[in-house]
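Participant:
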Amino acid sequence: MPQKTTISIIKADIGSLVGHHVVHPQQLAYAEKLLEEAKKSGLIVDYRVFNCGDDLELLMGHQRGENNLEIQEFAWNAFKEITEKVSKPLKLYAAGQDLLADAFSGNIKGMGPGVAEIEFEERAADPIVVFAADKTEPGAWNYPLYKTFADPFNTAGLVIDPAIHDGFDFTVMDVYEHKEVQLRCPLEIYDLLALIGTPGRYCISKIHRRDGFIAAAASTSRLSLIAGRYVGKDDPVCIVRAQHGLPAVGEVLEPYAFPHIVAGWMRGSHHGPLMPVSLKNARCTRFDGPPRVVALGFQVHDAQLEGPADLFDDPAFDKARAMANEAADYLRRHGPFMPHRLGPEEMEYTTLPKVLEKLKDRFRSVGP
Ligand code: 13P
Ligand code: 13P
Ligand code: MG
Ligand code: MG
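So, in C-alpha cells, the structure goes:
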C-alpha cells in the first residue's frame, strides 16, 4: 500500500515590520533555511514558506501523519529561533506575539500557533487549495466552507455530480467548551447553520465526504481564549482538497466573490469585510485592514507541492475587492459604535475592560 501523504500548515505571528503589517524578508529567509534543513534531514518531503500579512506560514508535505510530535516540535522551535535570531534583534513589532508558552510541551495547538492538517492517500491527481487569512479568527472559514460543501447555489457539483450528491459531514468545534459535534449535511444543514452562524464560538474544523473521504481541515485556535487576554487575532489557515469527487477548484473559490463580514481588523476588535487578495497584496494597511485572505493552489505528488498558483491574483475577484472597500467605508463611519466594534463578550478579551474598570465607582444607583 502506498504511504499516506500529510499536508500540514503551521503558522504564527512572531513579530512584523511596521506595526502589524508584514513579515520581514529576513524572517522569511530564516524560515526557508530551517525548512530546507528539515527536508535534507528527511523530516519533511517538501515545503513552502509564505506570509499573509504579519503571519508567517510554514506549509509542509510529509509522511508522518497528523498531530505528529516531531513536526510540531520542529515548527515550534523554528518560530522560537526566528524570534530570537531575527524578530528581537531587529526590534520587529510584537516579537514572538503568538508564542504563548516558554517551551514545547507536546501539543502546539494549545500554545498559540495555528495548525491545519490533512492526511490522505494520493489520488491520480490531487489538487489542494491552502487558505491563509490575516486580521481575523477561525470562524471566518464558516461561511465559505458552508457555501462550498453545502450550498448548491455555490457548488454545482452537489446537484450534478453523483460522487458528492450525498453530501458532506461537518465537524464543528465549540472553542469555549472544547467539544466537537459532527453534522450530516444536507440532512442537518439547519442545525449546522444554528451553530456556525456564531463564528466566534463554533468553528468548522473538518469536512468529510459521506464515505469518510477527508475534504477539508481548518485551524481552530483562539489566542485570546488560550491566553485569557488580547494577544492579536488568530489569523487562521485552512486546507481544502478539490476535484474528482470533491468540489472543483472554482467551487472552492466562489464563496470569496462575496467579501463577507468577519471579526478582527483593528486591535482584533472590529467587524470588517474579508478581502480576497494575491500574495503581493496580503498586507493590511487601512485601519490595520481590511482583513485579507490568500488562496494558494498546489498539485500534490508523493508529498511534494507543485505550485503555488496564486489563485486570487485574478481580475475575476476585482469586484469582490471593490465591494470590500465599499463595505469597509460604510462600517468605518460607525467609528467606535457596534456593530463595527465587536460586541461585549468578544470585547472582554481586549483592553476595554480596563477602561470600564476605571468608571466602576462613578456609577450611582438611580432606582428602576
Ligand atoms: P499596542 O500598540 O499597545 O501594542 O496595542 C495595539 C495593538 O496593535 C494590539 O496588538
Ligand atoms: P494581528 O492579529 O495580525 O497581529 O493584528 C493585531 C492588531 O491588533 C491589529 O490592529
Ligand atoms: Mg501582529
Ligand atoms: Mg496577523
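First residue of the sequence shown: 485, per our numbering; consecutive thereafter.
Even for Gly, the Cβ is constructed at its ideal location relative to N, Cα and C.
Using a Cβ distance threshold of 8 Å, determine whether the stretch 774-781 contacts the stretch 733-743, with at least three qualifying pairs required.
Facilitator: The stretch 774-781 is in contact with the stretch 733-743.
Participant: How many Å lie between T489 and H818 at the Cα?
Facilitator: For the purposes of this step, residue 489 is identified with residue 5 of the sequence shown, where counting begins at 1. For the purposes of this step, residue 818 is identified with residue 334 of the sequence shown, where counting begins at 1. Each residue's alpha carbon lies about 48 Å from the other.
Participant: Rounded to whole angstroms, what is the Cα-Cα separation between G623 and D658?
Facilitator: The count along the sequence shown starts at 1 and reaches residue 623 at position 139. The count along the sequence shown starts at 1 and reaches residue 658 at position 174. Going by the C-alpha atoms only, they are around 11 Å apart.
Participant: Looking at chain D, is there any beta carbon in it that lies within less than 7 Å of the beta carbon of V570?
Facilitator: Note that chain D does not occur in the displayed structure, where there is just one protein chain.
Participant: Enumerate, from N- to C-terminal direction, the unbroken alpha helix (DSSP H) stretches of 4 or more residues contained entirely within the stretch 616-675.
Facilitator: List check, alpha helix (DSSP H) in window: 626-634 and 641-644.
Participant: Rounded to a whole number of angstroms, what is the C-alpha to C-alpha distance between I528 and E541?
Facilitator: Counted from its first residue, the sequence shown places residue 528 at position 44. Counted from its first residue, the sequence shown places residue 541 at position 57. Taking the straight line joining both Cα atoms gives about 15 Å.
Participant: Which residue's Cα is closest to the Cα of L730: I592, V614, G499 and A640?
Facilitator: As a first step, residue 730 is located in the sequence shown; it is residue number 246 there, counting from the start. Closest by alpha carbon: A640.
Participant: How many angstroms separate the CA atom of A711 from the CA atom of Q556?
Facilitator: The residue labelled residue 711 in the question sits at position 227 within the sequence shown. The residue labelled residue 556 in the question sits at position 72 within the sequence shown. Each residue's alpha carbon lies about 20 Å from the other.
Participant: Grab the span of the alpha helix (DSSP H) containing P509 for me, first residue to last.
Facilitator: Here residue 509 refers to the residue found at position 25 of the sequence shown. From DSSP, the alpha helix (DSSP H) with P509 extends over P509 to K524.
Participant: Can you tell me whether D530 is buried or exposed? The criterion is at least 16 other CB atoms within 10 Å of its CB, across all chains shown.
Facilitator: The residue you call residue 530 lines up with position 46 of the sequence shown. With 16 or more other Cβ atoms within 10 Å, it is buried.
Participant: Where N551 and F847 are concerned, what is the direct C-alpha to C-alpha distance, given to the nearest angstrom?
Facilitator: Here residue 551 is taken as the residue at index 67 of the sequence shown, counted from 1. Here residue 847 is taken as the residue at index 363 of the sequence shown, counted from 1. Approximately 51 Å, taken between the alpha carbons.
Participant: What's the gap between the Cα of Q581 and the Cα of Q511?
Facilitator: As a working note, residue 581 is residue 97 in the sequence shown. As a working note, residue 511 is residue 27 in the sequence shown. Computed Cα separation, rounded: 14 Å.
Participant: From what residue to what residue does the beta strand (DSSP E) around E557 run?
Facilitator: Taking the sequence shown and counting its residues from 1, the one referred to as residue 557 is at position 73. No beta strand (DSSP E) holds E557; the alpha helix (DSSP H) holding it covers L553 to I566.
Participant: DSSP on D610, reduced to helix/strand/coil?
Facilitator: Walking along the sequence shown from the start, residue 610 turns up at place 126. Correct three-state label for D610: strand.
Participant: Whole angstroms are fine: how far does the CA of F558 sit from the CA of T769?
Facilitator: Against the sequence shown, residue 769 aligns to sequence position 285. Against the sequence shown, residue 558 aligns to sequence position 74. Each residue's alpha carbon lies about 32 Å from the other.
Participant: On the CB-based measure, 16 or more other CB atoms within 10 Å of its CB, does K838 come out buried or exposed?
Facilitator: What you label residue 838 is simply residue 354 of the sequence shown in a count that begins at 1. Result: exposed.
Participant: Just checking my contact of H754 with Y627 at CB under 8 Å: how many whole Å lie between their CB atoms?
Facilitator: The residue given as residue 754 occupies position 270 in the sequence shown. The residue given as residue 627 occupies position 143 in the sequence shown. No, H754 and Y627 are not in contact; Cβ-Cβ is about 18 Å, not under 8 Å.
Participant: How many angstroms separate the CA atom of R816 from the CA atom of D802?
Facilitator: Numbered from 1 along the sequence shown, position 332 holds the residue referred to as residue 816. Numbered from 1 along the sequence shown, position 318 holds the residue referred to as residue 802. Their backbone Cα atoms lie some 21 Å apart in a straight line.
Participant: So Y814 is in the alpha helix (DSSP H); what residue range does that whole segment cover?
Facilitator: As a first step, residue 814 is located in the sequence shown; it is residue number 330 there, counting from the start. First-last of the alpha helix (DSSP H) with Y814: D802 to R816.
Participant: Going by the CB atoms, is the gap between K717 and E621 shorter than 7 Å?
Facilitator: Counting from 1 along the sequence shown, the entry for residue 621 is found at position 137. Counting from 1 along the sequence shown, the entry for residue 717 is found at position 233. Going by C-beta atoms, E621 is nearer than 7 Å to K717.
Participant: When the Cβ atoms of the stretch 557-572 are set against those of the stretch 604-620, are three or more pairs found closer than 8 Å?
Facilitator: These segments do not touch.
Participant: Where does the unbroken beta strand (DSSP E) through M544 begin, and where does it stop?
Facilitator: If you number the sequence shown from 1, residue 544 lands on position 60. Segment D539 to H546, the beta strand (DSSP E) holding M544.
Participant: Distance, Cα to Cα, I688 vs L629?
Facilitator: As a working note, residue 688 is residue 204 in the sequence shown. As a working note, residue 629 is residue 145 in the sequence shown. The alpha-carbon atoms of I688 and L629 are separated by roughly 8 Å.
Participant: Can you tell which of D635, V599 and G651 has the C-alpha that lies nearest to the C-alpha of S492?
Facilitator: Here residue 492 refers to the residue found at position 8 of the sequence shown. Selected option, being the one with the closest Cα: V599.
Participant: Given that a residue counts as buried once 16 or more other Cβ atoms are within 10 Å of its Cβ, and exposed if not, what is R706?
Facilitator: In the sequence shown, counting from the first residue as 1, residue 706 sits at position 222. By the neighbour-count rule (16 or more Cβ atoms within 10 Å), R706 is buried.
Participant: Output the distance between the C-alpha atoms of Y577 and K564, rounded to the nearest integer angstrom.
Facilitator: Translated into positions along the sequence shown, residue 577 becomes position 93. Translated into positions along the sequence shown, residue 564 becomes position 80. Distance between the alpha carbons of Y577 and K564: 15 Å.
Participant: If you measure between the beta carbons of L789 and R607, is that distance less than 7 Å?
Facilitator: As a working note, residue 789 is residue 305 in the sequence shown. As a working note, residue 607 is residue 123 in the sequence shown. Not in contact: L789 and R607 (Cβ atoms no closer than 7 Å).
Participant: Does DSSP put S589 in a helix, a strand or coil?
Facilitator: Taking the first residue of the sequence shown as position 1, residue 589 is located at position 105. If DSSP states are grouped into helix, strand and coil, S589 belongs with coil.
Participant: Hey, would you say the C-beta of G596 is under 6 Å away from at least one heavy atom of ligand 2?
Facilitator: As a working note, residue 596 is residue 112 in the sequence shown. Because no heavy atom of ligand 2 lies under 6 Å away, the Cβ of G596 does not count as near it: no.
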